[in-house]
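Before any comments, here is the structure.
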Amino acid sequence: MQTQSLVVPRSGLFIGFAVLLAFSLLLAVPANADWWQIVILGVVQGITEWLPISSTAHLLLTSRALDYQGSIGGTFEIAIQFGTVCSVLLFYWRDLITQAAALVGRGQPETVTTARKLWLGVIIAFVPAAVVGLIARDFIKAVLFESPLVMAIALIGGGIIFLWIERRGTFRPQATSADFSTVSNQRALTVGLAQILALIPGVSRSGASIVGGLLAGFDRPTATAFSFYLAIPTLGLATLVDLIGSLDQIQPGDWSRLLLGATVAMIVGYGCIGWLLRYVATNNFTLFGYYRIAAGVIIIGAVAFGAL
9 MQTQSLVVPR SGLFIGFAVL LAFSLLLAVP ANADWWQIVI LGVVQGITEW
59 LPISSTAHLL LTSRALDYQG SIGGTFEIAI QFGTVCSVLL FYWRDLITQA
109 AALVGRGQPE TVTTARKLWL GVIIAFVPAA VVGLIARDFI KAVLFESPLV
159 MAIALIGGGI IFLWIERRGT FRPQATSADF STVSNQRALT VGLAQILALI
209 PGVSRSGASI VGGLLAGFDR PTATAFSFYL AIPTLGLATL VDLIGSLDQI
259 QPGDWSRLLL GATVAMIVGY GCIGWLLRYV ATNNFTLFGY YRIAAGVIII
309 GAVAFGAL
């Protein structure tokens, strides 16, 4: 089963985006003078969640730069991830419907087999980081989220790995679209173990899972698309767990902020998914490697001069 590299949306989807954005602004603007900061953070989340450059690091550092006061102990930055979960669901909705039918045995035998391999692989890849994340949740939020140096080192380290893996070039030959028939339990486990590192702010969930996929033998489009599918349970559960654990800190007025941030992240993230799939069809990840290293160096410089 080869996924389409880009799903062309219907005009109704754009109308829905516009209506939801208008509704979110209507709720948030009158009650929140910092609504423009929320929009900026939503844009940052939408872009950086899918690019392998660490949404967590960019979101937390942007929040500090803006002196945003609505973080709710980091819950805001995690909760608006729900918007990017929605973006991948909307982007792949046709494929998801086909795969849901295939999982219960409807469709061509090849389609059924590939869909079952894909989702078994997603489950296998999901488990390692989910278990470690649940165990270490409090430590991660209290310690790692507060350290710009940790984020900088993780960004630089990830950038070096991207440059190394592209120079190494031992993954499957380039392809123009994802081929999930190549998913195996062993490859999925490799992705899952790599994703554990993404619990460190600055590593990047998409970056870790893409690198894991490349090392496991996927081509770039398949490694990238598998990362998108893996985001559905990973980000969905992370958001749900954090919201439940932070309900006592969330005030009634915070919900309009969360809705606006998630909405902006969803709209921007939807466009970013399509761009990245087109990009990896004809390019490698070297550009992101250099960007990560540059960003990490800038952060270290900002810390040294007391700007962070």
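For the sequence shown, this note's numbering gives the first residue as 9, with consecutive numbering after it. All residues carry an ideal CB built from backbone N, CA and C; glycine is no exception. None of these values were measured; they are calculated from a predicted model.
Is residue j closer than 9 angstroms to residue i when the C-beta atoms are compared?
i	j	result
L284	V93	no
G115	G269	no
R72	L266	no
I48	L28	no
S254	I80	yes
V399	P241	Residue 399 is absent from the structure shown; the chain starts at 9 and stops at 316.
L238	T198	no
N1	I132	Residue 1 lies beyond the residue range present for the chain, which begins at 9 and ends at 316; the question has no answer from this structure.
L152	I208	yes
I301	G167	yes
E85	T56	no
G54	V272	yes
F170	F296	yes
A307	L69	In the sequence as displayed, the identity of residue 307 is Ile instead of Ala. Yes, they are a contact pair.
L128	V311	no
T247	A138	no
Should residue i go down as buried or exposed, given a rule of 16 or more other Cβ atoms within 10 Å for buried?
i	result
G261	exposed
R176	exposed
G309	exposed
A123	buried
V52	buried
P117	exposed
A162	buried
L2	This structure leaves residue 2 out entirely; the chain is present only between 9 and 316.
G314	exposed
L67	buried
S235	buried
I173	buried
T290	exposed
A41	exposed
Quick one: residues in its chain with C-beta nearer than 6 angstroms to the C-beta of residue i, no 5 flanking neighbours on either side, listed in chain order?
i	result
D256	none
L205	V211, A216
Y76	Q45
G24	none
Any heavy atom of the ligand ADP closer than 8 angstroms to the Cβ of residue i?
i	result
G220	This structure lacks the ligand ADP; in fact it carries no ligand of any kind.
Note down, in chain order, each residue of its chain lying with its Cβ closer than 7 angstroms to the Cβ of residue i, except the 5 sequence neighbours on either side.
i	result
V37	W43
A39	G261, S264
Can you give me the Cβ contacts of residue i inside the same chain, cut-off strictly under 8 angstroms, excluding the 5 residues immediately before and after it?
i	result
T83	D250, L251, S254, Q257, I258
L201	P136, G220
Cβ pair count under 8 angstroms reaching 3, the stretch 95-102 against the stretch 110-126: no
Three CB pairs or more closer than 8 angstroms across the stretch 210-229 and the stretch 57-71: Of all C-beta pairs linking the stretch 210-229 to the stretch 57-71, three or more are shorter than 8 angstroms, placing the two stretches in contact.
Cβ contact (3+ pairs, closer than 8 angstroms) linking the stretch 139-149 and the stretch 271-282: They do not touch, by the three-pair rule.
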